[in-house]
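Since the structure comes first, as structure tokens, the remarks are kept for the end.
Protein chains: 2
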Amino acid sequence: MPRVSHAKEKLTEAALGLIWTSGYAATSVDDICAKAEVKKGSFYHFFKSKAELEIAALEENWQRSRQVWNDLFSPAVPPLQRLEDYFQFVVKRQGQLTEEYGSVLGCPLCSVGSEVGSREVGIRDKTLEIMERYVKYFESAIRDADAQGLIVAPDAKAKATALYSYFQGVMAQARIANSLEPLRELKSGAWALLGVRQVELVGA
Amino acid sequence: MPRVSHAKEKLTEAALGLIWTSGYAATSVDDICAKAEVKKGSFYHFFKSKAELEIAALEENWQRSRQVWNDLFSPAVPPLQRLEDYFQFVVKRQGQLTEEYGSVLGCPLCSVGSEVGSREVGIRDKTLEIMERYVKYFESAIRDADAQGLIVAPDAKAKATALYSYFQGVMAQARIANSLEPLRELKSGAWALLGVRQVELVGA
DNA sequence: ATAATAGTTGACTGATCGGTTTACTACGAG
DNA sequence: CTCGTAGTAAACCGATCAGTCAACTATTAT
């Protein structure tokens, strides 16, 4: 069978970046095709709609970032350290993205999922599905921290959900304020939420 | 001078509802005019762009909700009670909106502000501005709670910001999941974040 | 070599986009 | 009563929207 194509990958990559920065509705299929250097006919050869492409792009993005998460949330790392490392990673990563795209982007799941709401159920469901996967990383870290007596969290899943909500909220604030500053407070807020006993004496 | 018009009010009202449900980019000027029963010519007689209308709609919405907030966050009410009352109000209000619009809407500031990002700076700035006003209500409640020894919060502003982020995150989750359930955890999450000593023994 | 087919291309659709224009109309101040 | 004007109406603009289509092309398994 004929021809090997990279159009699919180029399209998902372009869609992810464009929609992350400009939003789903504001990004046109033509924009995506232009950035991917793929003609529209090819687009619809691989995807039956713009929504389907976005869903594929979100899944693709998860597949990429899960590797990083597996590393950061390794059970070999002390549980609270995992979270701290992750927050630090987020600051660094969002800094890179800001340089690359010109403004603070925040979380690609939350902005898109929240934007399309009930108007694109497929996309909304996909964001929910992936979010649940992410929460599991928080959950096991919290459960381990509880087991080690570092925090008191009898309901690890509920705590993880709360922490994830807080995290998303901070990311949204950073995006709207177009500033990395809110991200630097991630740790202190998370520690408060989790009831971590503060060992360090900061500042004054 | 001739004629008194309600077109302006009808337009802001329609814009608020439509954009809250469907997002900014996905809501067309024609949609807004149709719902408001106002012709496009009148639209552009009162507003010079779609963005300007949305900004006016957000301000209008603030003016309406500030009255509720003034009531809920009255200094006559014990500080933690203010927050608890507010969370309860949010559940009720989102329930009404869900019936009226058919799905969970979340926060109109956050969805829109996050959607338009840097593409509509006027709208983004307006959402930021209003958000800051809301945070002040949290801040004074937290400061009062600290003064009364109910919580330990030497930096009330930072705590308020963290709480607001958490709140926004929960609202976003409710919208994406199209469920009121996440909202019912607002209090427990907030209390954890604020370090409120739990008096009650819930459930088992 | 060639046939079957995955992939490409660009022109095309009709609808809709945000916004403009121009003529008209209703009303309140003098 | 009537005149100036705030407001209304509807047709209209070029651009862009998501999606279609039929002709074409390059590949590769045979």
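First to last, the protein sequences are chains S and C. So that you can map any letter, position 31 of the first sequence is 31 in this note's numbering, and since no number is skipped, the others follow by simple counting. So that you can map any letter, position 64 of the second sequence is 64 in this note's numbering, and since no number is skipped, the others follow by simple counting. Idealized CB from N, CA, C, for every residue including glycine.
Item, Value
"Buried versus exposed call for V38 of chain C [16 or more other C-beta atoms within 10 Å across all chains shown]", "buried"
"Residues that S114 of chain C contacts on chain S, provided the C-beta gap is smaller than 8 Å", "G106, C110, S111, S114, E115, A172, R175 and I176"
"Local conformation of L193 of chain S per DSSP, three classes", "helix"
"Whole-angstrom C-beta distance between A14 of chain S and E54 of chain S, which should lie under 8 Å", "Actually they do not touch by this definition, with Cβ atoms about 11 Å apart."
"Backbone CA spacing between R133 of chain C and A160 of chain S [nearest angstrom]", "29 Å"
"T98 of chain S in three-state terms, based on DSSP", "helix"
"Beta-carbon neighbours of G189 of chain C, restricted to chain S and to distances below 8 Å", "A162, S165, Y166 and L193"
"Separation of Y24 of chain C from C33 of chain C, as counted between CA atoms", "14 Å"
"Cβ-based neighbour list, W69 of chain S, same chain, cut-off 7 Å, excluding 5 preceding and 5 following", "Y137"
"Residue from C:P78, C:E52 and C:R93 with nearest C-alpha to D144 of chain C", "C:P78"
"Residue closest to C107 of chain S, alpha-carbon to alpha-carbon, out of S:L183, S:V152 and S:D146", "S:L183"
"V152 of chain S versus A192 of chain S: straight-line alpha-carbon distance, rounded", "12 Å"
"Simplified DSSP state of A204 of chain S, which is helix, strand or coil", "For A204 of chain S, the predicted structure reports a pLDDT of 46, less than 50, and the residue's modelled location is therefore unreliable. The matter cannot be settled from this model."
"Chain-order list of residues whose beta-carbon lies under 8 Å from that of R124 of chain S (same chain, five-residue window excluded)", "G113, V116, G117 and S118"
"Status (buried if at least 16 other CB within 10 Å, exposed otherwise) for L186 of chain C", "buried"
"Residue from C:I130, C:R64 and C:L180 with nearest C-alpha to I212 of chain S", "Past the edges of chain S, shown from 1 to 204, lies residue 212 of chain S, and the structure says nothing about it."
"Ranges of the alpha helix (DSSP H) found wholly within the stretch 16 to 69 of chain C, counting only runs of at least 4", "29 to 36 and 40 to 46"
"Within chain S, the residues that R66 of chain C reaches when beta carbons sit closer than 7 Å", "Those within 7 Å of R66 of chain C in chain S number zero; the least Cβ separation is about 20 Å."
"Burial state of A204 of chain S (16 or more Cβ within 10 Å)", "Because A204 of chain S carries a pLDDT of 46, less than 50, the predicted location of this residue cannot be relied on, and the following value inherits that uncertainty. The residue in question, A204 of chain S, is exposed, as its Cβ has fewer than 16 Cβ neighbours within 10 Å."
"Q81 of chain S versus Q67 of chain C: straight-line alpha-carbon distance, rounded", "44 Å"
"Residues of the stretch 77 to 99 of chain C with Cβ closer than 8 Å to any Cβ of chain S, in chain order", "none"
"Cross-chain neighbours of S103 of chain S in chain C, by beta carbon under 7 Å", "G117 and S118"
"Spatial neighbours of S103 of chain S in its chain, beta-carbon cut-off 6 Å, leaving aside the 5 residues before and after", "N178"
"Proximal residues of chain C, C-beta to C-beta of S22 of chain S below 8 Å", "G117 and R119"
"Three-state secondary structure assigned by DSSP to N9 of chain C", "In the sequence on display, residue 9 of chain C carries Glu and not Asn. DSSP places E9 of chain C in helix when its eight states are reduced to three."
"Assigned secondary structure, E120 of chain S (DSSP; H/G/I helix, E/B strand, else coil)", "coil"
"Buried or exposed (CB count within 10 angstroms, at least 16 for buried), Q168 of chain C", "buried"
"Residue from S:V121, S:N61, S:I142 and S:D155 with nearest C-alpha to E84 of chain S", "S:I142"
"Contacts around G95 of chain S, its chain only, beta-carbon distance under 7 Å, and the 5 residues preceding and following it disregarded", "L180"
"R124 of chain C: CB within 8 Å of a non-hydrogen atom of the ligand HEM", "Among the components of this structure there are no ligands whatsoever, and the ligand HEM is therefore not found."
"Below-9 Å beta-carbon distance, L16 of chain C vs any chain S residue", "no"
"Start-end ranges of the alpha helix (DSSP H) lying completely within the stretch 120 to 151 of chain C, minimum 4 residues", "121 to 147"
"Interface flag, A56 of chain C vs chain S, CB-CB below 9 Å", "no"
"Neighbour flag for G169 of chain C against chain S, beta carbons, 9 Å", "yes"
"CB contact below 9 Å: K48 of chain C versus chain S", "no"
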